[in-house]
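Residue numbers (my numbering): 6 to 353.
Step one of this worksheet: look at the structure below.
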């Protein structure tokens, strides 16, 4: 557990750790590098074995080794200075630490006192400070951990015209952390009497790997695809160019998955249902061949069945250059396309 913005004098450190951490816990602080202890970190020795790797007036970094022998990781508790120039020392320390720890899982949390985009602050966005912060995160390959709860993590509690809120507290991690703990998430809870929201990292039980995103070419033939694409891509996002591109791609993947689910879900069932309906109408047609209503309905259902069968084909073959399947029969795609075209021309 980390505590920041403590500002505890040496004479009060023992009392503070006794009040904030259980008696059996171990703890460290950063009084040795400043006039007061600004950061405290405590842990249960029966769960973790921690050793300090680096300490400054804005940062404490520890290597955490679980007692049960599970994955080791690096943890940083951060409390950045209010002055953007002073925070550059923090960004440089983070770059140096990234080089020293190499390819280890690394998670950082605390008060960075800087936002990444205008949407994270109501009043007084500092473009230069945000640019410094974003550049540092790019250099050390860190991104925000998936989060839920409160969006703004700090408020001045003034209310009215003088009210200000911002997202200066966050939890970030490197790629190796996401690989080692793919189901971890951050939670920002109600601040209570504080002006900051407490943060909690939860490592959820591993279930299964996410399915990789796949783009299906037949989406391009859907009349509504272009509007969905333009609407998603056109919604503005603030930040550096690479951050904007990455955020829009992530958002678009979710939109396209929902689009596919809405338009092309349970294709196999829909193919079978369409074919069963077609078989029924064809049976009635052969019994009454000159009934005009059956002729028109048979034409509609035949085309509908072919359309569903053609939509199903990319899911089964996955590669349009290979032989495909139509109603359980393996047929070269060339002949499937020809059959569809000939059938449509005959019925038109």
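For each residue, glycine too, the CB sits at the ideal point set by N, CA and C.
Remember, predicted model here, so these are calculated numbers, not experimental data.
- At least 9 Å separates the beta-carbon of residue 71 from that of residue 59.
- Residue 257 is not a Cβ neighbour of residue 225, given a cutoff of 9 Å.
- Contact between residue 83 and residue 64 holds: their C-beta atoms lie close to 5 Å from each other, under 8 Å.
- For residue 48, the uninterrupted beta strand (DSSP E) run begins and ends at 42-48, by DSSP.
- The beta-bridge partner set that DSSP reports for residue 22 is empty.
- Judged by their CB atoms, residue 152 and residue 175 are nearer to each other than the 9 Å cut-off.
- Under the 8 Å Cβ criterion, the segment 75-82 does not count as touching the segment 130-139, having fewer than three qualifying pairs.
- Inter-residue distance for residue 105 and residue 15 is about 30 Å (C-alpha atoms, whole angstroms).
- Within the DSSP secondary-structure output, residue 148 pairs in a beta bridge with 178.
- For the pair residue 66 and residue 218, the Cα-to-Cα distance works out to about 35 Å.
- In this structure, the straight-line span from the alpha carbon of residue 198 to that of residue 162 is close to 10 Å.
- The three-state secondary structure of residue 80, taken from DSSP, is strand.
- For the 9 Å CB-CB criterion, residue 112 and residue 177 form a contact.
- Apart from sequence neighbours up to five positions away, the residues of its chain that approach residue 102 with a beta-carbon distance below 7 Å are 59 and 66, ordered along the chain.
- Taking all protein chains in view, the Cβ of residue 181 is crowded by 16 or more other Cβ atoms within 10 Å, so the residue is classified as buried.
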